[in-house]
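Chains as they are written, first to last, in this note's numbering: chain A, 14 to 405; chain B, 544 to 1067; chain C, 489 to 841.
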């Protein structure tokens, strides 16, 4: 079916996209030099009461959650056998791979001695730490994603034998990926179990790992819908027939799944509040913020997804997907920055430095540029004619 | 069209949910931590409790508001308080005796709301007429009635004003019908039936308890009926009178304003000057320790109110506090009632309170408070059984006779403490000045001189844990290395000096007790 | 079927790795273990009623640890105007709490790492840089520290500090309980310097006895509570106070559960997930595969049947058509023969005429 020709338009380098991303990248590089020559205090507002800031809250926590599309999509297609979403697997894997790479690069910035990042694997282990488990699983999962993604560049480069071997490993990698994702998504939440006195009771719960895991699935599904919407707009010319045909199925199918998951997530969040008798906290500033998060960014998207699926309203689902992504970012930032240290007086609270936000934007831009580079060349949105998918 | 319906539905749904959760939250929410204002005249009307569980929140009644408002309009207590048979006023609202629950509720509702409503109809300032305005769930005030005891001073003010006519208040002295004394001091049976021979008038609390007994009102009812009635009448006759509204008695700030006539003459009640206190069991084999010679006169002068010690009735302590702990005495044994370390009513407890005064605290604050020094027992238990007390004198110690020459002439003027010289020069210790200051402080108090016995005791304030004498050990004899495992309670020399000196300075209220330069200058 | 063998091996390795890697967590999760500190573990009792705010302890700590000299000298009392905390180059500080004393006087308190019995920082560190030693001190190994600052996050009182200004070799800044000095038989610097012996050094169990003794002897002087006896599972650095500990910024709502217990459940679930999740997922995959196969088989059967039927029908049609053609041929032959005969007859008749 692939009478598709990859058309790479020959345009000049001075496009609006390139200019903007170029400026961001230049600015980011300057800030990078500042960070690594001046120390963390030169570009961040981190202090001894607030050791983790925007980079952990957004790049790490939100980044890992939003990159969850990889395992959810490949699980749906390869384990649960939903072949109709097959076209979405490679883009989702790519998003996931770039997302996790972004996380690791952000860690290089955040950690005090980035060259020592391999220490927990090579030098001395601290297995009592939840973070050790996160690091191990993220490291392994990045490898899994890399292997799953590697098919595309291998096909692009024509290295047939290796590409075929990796193809055969798909199901193993997928299962491995789901197990690893379950572990590290929930463990990111488990890290905050250590600080019941520092996290506002409405966000602290012994079920934080469960909340993080479920919301990661929601984030992954929504991110796939969101990314698919953007890609269809800007990379339509790269897509083959199968992709274009199954696009709508993807939106409605994932929208349905996301709606169900959001409903379940809403329920367990309320149960979490009830189990710890925390209803009284709702009648306060933090309480209203919590209500906004779960009513406006969990319940509302749940209903909108449901309505969109029922009325076959693709636009509504896509907007809801974007809204849900914002909601997941909000949730992660709430836990790491807003509800954390809620008991401290205002003058000791943390507000991100503008340079921290700029570096995050820089990293996201790098990922977007990489995404564009890859999808305009490698068989992500189309099947390479030499490598028909054996799973069809 | 469909899409618009959906968004309307969504909005309504969202708002409904928000309202639901918020109302739920506010119901369970922590109540505001408002600071409740204190009112001395606030009465919590929860008398309906005796008829069963309260259906509504108790009413917060501001008594003075009502009294003052009615007074301004020329009306008195009789508006709410009916007259008893014997002419006194009933303390209860619009009723004399006990009534049923329904009747009580109706009385309150009819008269309160009725009056309020009447006033509203006449366009006057009024009170609440709806249920929730009286039965408030979140009150603004708390009742803060400071206790008003009938102290010696207040009693003296009264007996002067009444011209020593005891019967005015001590109504059990004379028979009310015949006007003759109900009993004389020899009539034991009559006294047991609560009559008070002339000259032997006793405290109101002897008969009027916390709770009413049959037709004998509680101390609260009795004192309000007696006091306020009398004050009211005298006020009407334009005589000098006492407080009538709640806050004038029960507000601590107003209590300070009571007249203080200086030295109050001793209350004459044929009480003894000196008493021999024993366990009350004359033949009890266990009664072997020397009895206590108690200077009742000195103690009378030291307290404001007989009830400081005679806290229930004006009896002997051992009539209720027996050796075994009778139920009459709340199961407090005699030993506990005399020796309890932290109870103001016990001998030892009250003395411990005195030891906190500035003249005493310097030494006594540093001493452990959980047990009495064994040497102090014989300071009190010093009565020799066959000795006759000449002139009612007890063994008093009078250290004020010891002069400076006799004991203190060998004490150095100043000692330079140099054992730990490092950062600072030697500390300058004005030894003689300090011991003389201690002596002058102690000599002011007969309690102190009695228990100290002699001036050598004063040395033990600092030269502690060693025998009494005129050449006590130096600090370094016992205090050297800190944190010795065998005696972790004993500080090292550095800690010992600073804890002792600075500890004392803090307790006596010295300004800047932690200013290093006062004792030793820093080395250059 | 080599795929399921592969799965099995993977599960086996995974569980083994997990089992060796998280034994401590599982142990902590087991019910009734309560670590009361190493026997003979040392600690410090800080009696805040004795502290006079002279800052000799700060000065001694600075000297003993070779820390940089501060801007203001240690005799400066104006520093008390602000609340301070540990930071780069400062292991310990004394803070003043104005007027919170029982008679309205100021109260002083020294801040430093509390050397918990089950330290949160130790539990958080993923390179095991923190160790609770037998002597009682919690030591920090800067040579493996990656700088993730999870220890700063995890400490319930936010006691450690980090060198954010240091670009190349930042380390975590905290009190060490002067372990090197203690091993030599000396006292920690601050303890030695305190003139009031507000810091008592000794075995933790002895310190508890002393603290209880002091409370018994002077019930009017102390709140009947030893802070650190049970807080967060117990600390080596304990406090006595005349006022509510919260007024001295000693947060009492940290509970008595040692921090590692909070994450023990989550960590304990890891081997369970590693063991069960692949089984479940493989099962689902296998079921789906089976479903697909059955669907494919059914499809093939149906297709075959349909094809056969179509063939049979086609055969019949062919036969019928052939017969018809044969008949037509015979008819045509007959007609042709008849016509030929007729023509021949006609030709003969013409010839005769």
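Beta carbons: idealized from backbone N, C-alpha and C, even for Gly.
- [ ] Under 9 Å between beta-carbons, which chain A residues line up against residue 725 (chain C)? List them in chain order, please.
- [x] Numbered from 1 along the third chain, position 237 holds the residue referred to as residue 725 (chain C). Residues of chain A whose Cβ lies closer than 9 Å to the Cβ of residue 725 (chain C) do not exist, since the nearest Cβ in that chain is about 18 Å away.
Task: Straight-line Cα distance separating residue 976 (chain B) from residue 457 (chain C) - done: This structure cannot speak to residue 457 (chain C), because chain C is shown only from 489 to 841.
Task: Chain-ordered chain C contacts of residue 236 (chain A) [CB-CB under 8 Å] - done: Counting from one through the first chain, the residue named residue 236 (chain A) turns up at place 223. Chain C residues near residue 236 (chain A): none, gap ~22 Å exceeds 8 Å.
Task: Residues that DSSP places opposite residue 959 (chain B) in a beta bridge - done: By 1-based counting over the second chain, the position of residue 959 (chain B) is 416. Paired residues: B:971.
Task: Backbone secondary structure at residue 709 (chain B) - three-state DSSP - done: Locating residue 709 (chain B) in the second chain gives position 166, where the first residue counts as 1. In the structure shown, residue 709 (chain B) sits in a helix (DSSP, three-state: H, G or I).
Open item on the list: For residue 596 (chain C) and residue 207 (chain A), which I take to be in contact (beta-carbon distance under 8 Å), what is that distance rounded to the nearest angstrom?
Closed with: Taking the third chain and counting its residues from 1, the one referred to as residue 596 (chain C) is at position 108. Taking the first chain and counting its residues from 1, the one referred to as residue 207 (chain A) is at position 194. Incorrect: roughly 30 Å between the Cβ atoms, too far for contact.
Task: At least three beta-carbon pairs within less than 8 Å, the segment 66-77 of chain A to the segment 156-169 of chain A - done: no
- [ ] Kindly give me the distance between the Cβ atoms of residue 157 (chain A) and residue 193 (chain A), rounded to whole angstroms, as I take these residues to be in contact under 8 Å.
- [x] Counted from its first residue, the first chain places residue 157 (chain A) at position 144. Counted from its first residue, the first chain places residue 193 (chain A) at position 180. About 7 Å; that satisfies the 8 Å criterion.
TODO: Confirm, please, whether the CB-CB distance from residue 264 (chain A) to residue 101 (chain A) is below 7 Å.
DONE: Against the first chain, residue 101 (chain A) aligns to sequence position 88. Against the first chain, residue 264 (chain A) aligns to sequence position 251. For residue 101 (chain A) and residue 264 (chain A), no; Cβs fall outside 7 Å.
Open item on the list: Buried or exposed for residue 247 (chain A), going by 16 or more other Cβ atoms inside 10 Å?
Closed with: Along the first chain, one-based indexing puts residue 247 (chain A) at 234. Residue 247 (chain A) comes out exposed.
Task: Identified DSSP bridge partners for residue 391 (chain A) - done: Mapped onto the first chain, residue 391 (chain A) falls at position 378. DSSP, once it has assigned bridges, lists no residue as partnering residue 391 (chain A).
Open item on the list: 7 Å is my cut-off, CB to CB: does residue 586 (chain C) come that close to chain A?
Closed with: What you label residue 586 (chain C) is simply residue 98 of the third chain in a count that begins at 1. So, not an interface residue.
- [ ] Taking C-beta pairs closer than 9 Å, name the residues in chain A that residue 756 (chain C) reaches, listed in chain order.
- [x] Translated into the one-based positions of the third chain, residue 756 (chain C) becomes position 268. Correct list: empty, because the minimum Cβ distance to chain A is about 11 Å.
Task: Length of the line joining the Cα atoms of residue 349 (chain A) and residue 663 (chain C) - done: Translated into the one-based positions of the first chain, residue 349 (chain A) becomes position 336. Translated into the one-based positions of the third chain, residue 663 (chain C) becomes position 175. Approximately 27 Å between the Cα atoms of the pair.
- [ ] Would you mind sorting residue 559 (chain B) into buried or exposed? The rule is 16 or more other CB atoms within 10 Å of its CB.
- [x] Position 16 of the second chain holds residue 559 (chain B). Classification of residue 559 (chain B): exposed, given that the 10 Å Cβ count is below 16.
Task: Coil, strand or helix - residue 845 (chain B) by DSSP - done: Stepping through the second chain from its first residue, residue 845 (chain B) is reached at position 302. In the structure shown, residue 845 (chain B) sits in a helix (DSSP, three-state: H, G or I).
Task: Distance, residue 819 (chain C) Cα to residue 830 (chain C) Cα - done: Sequence index remark: in the third chain, residue 830 (chain C) carries index 342 (1-based). Sequence index remark: in the third chain, residue 819 (chain C) carries index 331 (1-based). Spanning the two alpha carbons is a distance of roughly 16 Å.
Task: Candidates A:357, A:259 and A:34, of which the one nearest residue 212 (chain A) by Cα - done: Working through the first chain from its first residue, we reach residue 212 (chain A) at position 199. Closest option to residue 212 (chain A), Cα to Cα, is A:357.
Open item on the list: Can you give me the C-alpha to C-alpha distance between residue 582 (chain C) and residue 816 (chain B), rounded to a whole angstrom?
Closed with: Walking along the third chain from the start, residue 582 (chain C) turns up at place 94. Walking along the second chain from the start, residue 816 (chain B) turns up at place 273. Taking the straight line from one Cα to the other gives about 56 Å.
TODO: Out of A:354, A:366 and A:62, state which residue places its alpha-carbon closest to the alpha-carbon of residue 209 (chain A).
DONE: What you label residue 209 (chain A) is simply residue 196 of the first chain in a count that begins at 1. The residue with the shortest Cα to Cα distance from residue 209 (chain A) is A:354.
- [ ] Output the boundary residues of the alpha helix (DSSP H) element that contains residue 1048 (chain B).
- [x] Counted from its first residue, the second chain places residue 1048 (chain B) at position 505. 1036-1050 is the extent of the alpha helix (DSSP H) around residue 1048 (chain B).
- [ ] Take residue 65 (chain A) and list the residues in its own chain whose beta-carbon comes closer than 7 Å to its own, dropping the five residues that flank it on each side.
- [x] Within the first chain, the letter at position 52 stands for residue 65 (chain A). Correct list, in chain order: 349.
TODO: Would you mind reading off the limits of the beta strand (DSSP E) that contains residue 346 (chain A)?
DONE: Taking the first chain and counting its residues from 1, one reaches residue 346 (chain A) at position 333. The continuous stretches of beta strand (DSSP E) do not include residue 346 (chain A), which lies in the alpha helix (DSSP H) extending over residues 327-346.
Task: Euclidean distance between Cα positions of residue 951 (chain B) and residue 1001 (chain B) - done: Along the second chain, read from residue 1 onward, the residue named residue 951 (chain B) stands at position 408. Along the second chain, read from residue 1 onward, the residue named residue 1001 (chain B) stands at position 458. Rounded to whole angstroms, residue 951 (chain B) to residue 1001 (chain B) spans 11 Å at the Cα level.
TODO: Just mark residue 789 (chain C) as buried or exposed, buried being the case when its beta carbon has 16 or more other beta carbons within 10 Å.
DONE: The count along the third chain starts at 1 and reaches residue 789 (chain C) at position 301. Exposed is the call here.
TODO: State the beta-bridge partners of residue 926 (chain B) as determined by DSSP.
DONE: For the purposes of this step, residue 926 (chain B) is identified with residue 383 of the second chain, where counting begins at 1. The partner list for residue 926 (chain B) (beta bridge, DSSP) reads B:834.
Open item on the list: I'd like to know whether the C-beta of residue 916 (chain B) is nearer than 7 Å to at least one C-beta of chain C.
Closed with: The sequence position of residue 916 (chain B) within the second chain is 373, counting from 1. No, its Cβ sits nowhere closer than 7 Å to a Cβ of chain C.
TODO: Would you mind telling me which residues of chain A sit closer than 9 Å to residue 640 (chain C), beta carbon to beta carbon, in chain order?
DONE: What you label residue 640 (chain C) is simply residue 152 of the third chain in a count that begins at 1. In chain order: 61, 62, 63, 64 and 65.
Open item on the list: Do residue 262 (chain A) and residue 97 (chain A) have their beta-carbon atoms positioned less than 7 Å apart in this structure?
Closed with: Working through the first chain from its first residue, we reach residue 97 (chain A) at position 84. Working through the first chain from its first residue, we reach residue 262 (chain A) at position 249. Going by C-beta atoms, residue 97 (chain A) is nearer than 7 Å to residue 262 (chain A).
- [ ] Along the beta strand (DSSP E) that carries residue 535 (chain C), what are the first and last residues, could you check?
- [x] Here residue 535 (chain C) is taken as the residue at index 47 of the third chain, counted from 1. Here the beta strand (DSSP E) through residue 535 (chain C) covers 530-535.
Task: Beta-carbon proximity list for residue 591 (chain B), same chain, < 7 Å, skipping 5 on both sides - done: To locate residue 591 (chain B), count along the second chain from 1; it is residue 48. The answer, listed in chain order, is 597, 644, 647 and 648.
Task: Residues of the segment 196-218 of chain A whose Cβ lies closer than 9 Å to any Cβ of chain C, in chain order - done: 196, 199, 200, 202, 203, 204, 205, 206, 207, 208, 209, 210 and 211
Open item on the list: DSSP three-state label for residue 691 (chain C), please.
Closed with: The residue labelled residue 691 (chain C) in the question sits at position 203 within the third chain. Note: residue 691 (chain C) maps to strand in three-state DSSP.
Task: Every unbroken alpha helix (DSSP H) inside the segment 55-118 of chain A [4 residues or more] - done: 76-79 and 82-87
TODO: Taking all protein chains shown into account, decide if residue 870 (chain B) is buried (16 or more other Cβ within 10 angstroms of its Cβ) or exposed.
DONE: Counting from 1 along the second chain, the entry for residue 870 (chain B) is found at position 327. So residue 870 (chain B) counts as exposed.
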